[in-house]
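Written out below as structure tokens is the structure these notes cover.
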Amino acid sequence: MRRFVRFPGVHILDIGCGIGSYLEKFLNLGAHEFGVDTDAEKLDDAHRRKHLIRLAASASEALPFADETFHVVLLHEVIEHVNDDRATMREAQRVLKRNGRILVFAPNRLYPFETHGAYFGKRYVFGNIPFIGWLPDFLRDRFAPHVRAYRAREIRALFERMDGDILAHTQIYPGYDKIARRSELLARIFRGVTYFLEKTPLRAFGLSHFIVWKKFGRRSVRVEPS
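And the structure:
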């Protein structure tokens, strides 16, 4: 994200901010952080534990902000959970200033595992389930009806007929934080291998899409790449 955003002084909105982990980082980087989420308990936790105050309970499809309020809007692994992903993206661009940027992380359909678990009949199985995303749509949607995953053309389609351009689109592999808690050495090995793959065509099988979209405008405001 730092390649595309100069954080000091920008007004940044985190849609689906949860307990405020990214908002805390943005605050430490000198940004004016704002967060929305539908889970009031998580917002309360963000306020109590991280002392964040610019928070609101809101659906992503109807944000409580005026047009062109923010320099940056972040949707980090949230677009797959909203009721209407296209309406959410339209709202994100509505509250974005001219020359502002939307940053999106979203599940990649080609990643070999479904990380949100899966349903087998009425039984839900938590964890990383292999090859769910590789199934045809009608089967994939039976096993994972609770979450979306996107092919490259599908995630790009969310920006169609919007007043801007996609600046960057790639795929990234995980951070392996859970593995690191058990074995830092094993995590370093996984990171070394898969982060190298991000520089090759095999990045297409990464965990998430990463997209940067820029809204058209006459001049740039604090969000040019450093």
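So the number in this note's numbering is just where the residue sits in the sequence shown, counting from 1, plus 10. Just so it is clear, CB atoms sit at the ideal spot from N, CA and C, and this is done for glycine as well.
Go to residue i, then tell me how far its alpha helix (DSSP H) extends in each direction, as first and last residue.
i    : result
V190 : The displayed chain sequence assigns Ala, not Val, to residue 190. Residues 187-192.
L33  : 31-38
A167 : 162-167
H126 : That residue, H126, is in no alpha helix (DSSP H); it is neither H nor E in DSSP.
F148 : 147-153
E51  : 50-60
By Cβ distance, which residues of its chain are closer than 6 Å to residue i, with the 5 residues on each side in sequence left out?
i    : result
R158 : E90
G227 : R108, N109
P74  : A66, S68
C27  : L33, G45, D47
I165 : A116, H219
M172 : Q103
K52  : G28, I29
L85  : I25, V114
D94  : E71
L62  : G30, L33, A56
How would you write the range of the beta strand (DSSP E) that residue i sits in, first residue to last?
i    : result
L177 : 174-182
F220 : 218-225
F115 : 106-117
R133 : 133-135
F44  : 42-47
A67  : 65-67
H21  : 21-25
For the candidate residues the options, whose alpha-carbon lies nearest to that of residue i?
i    : options                : result
Y32  : D77, T210, D95, L113   : L113
R324 : D94, I182, F130, K132  : No statement about residue 324 is possible, as the shown extent of the chain runs from 11 to 236 and does not include it.
P155 : H126, H86, I29         : H126
F36  : T180, L212, D147, D24  : D24
D147 : Y160, G137, V135       : Y160
T210 : A167, R111, T180       : T180
P184 : K225, M172, L207, R171 : L207
L39  : E51, K52, I22, L53     : I22
T79  : E101, L85, T204        : E101
A162 : I189, R12, R213, S193  : R213
K225 : E87, G174, R96         : G174
Can you name, in chain order, every residue of its own chain whose Cβ lies under 8 Å from the Cβ of residue i, other than the five neighbours on each side?
i    : result
F153 : E124, A128, Y129, F130, I139, I142, L145
D55  : I29, G30
D77  : R104, V105
I189 : L196, A197, F200
Round the Cβ separation of residue i and residue j to the nearest angstrom and send it over; I've been treating them as touching at under 8 Å.
i    : j   : result
E71  : T98 : 6 Å
R59  : E43 : So it is not a contact: roughly 15 Å between Cβ atoms.
V135 : V82 : Between V82 and V135 the Cβ distance is about 37 Å, and since that is not below 8 Å, they are no contact.
Suppose the cutoff is 7 Å on Cβ atoms and the five residues either side in sequence are ignored; what does the same chain contact list for residue i look like?
i    : result
Y186 : A197, F200, R201
Y121 : G143, F215, G216, L217
F169 : M99, I176, W223
G137 : G127
F17  : F36, L39, G40, A41
R150 : I142, G143
M11  : L113
V231 : Note on V231: pLDDT 48, under 50, position unreliable in the model; the coordinate value appears next. So the list reads H81, K107, N109, once near-sequence residues are dropped.
T204 : Y183
(request) Note down, one range per segment and in chain order, each alpha helix (DSSP H) of at least 4 residues found wholly within the region 71-106. (result) 95-104
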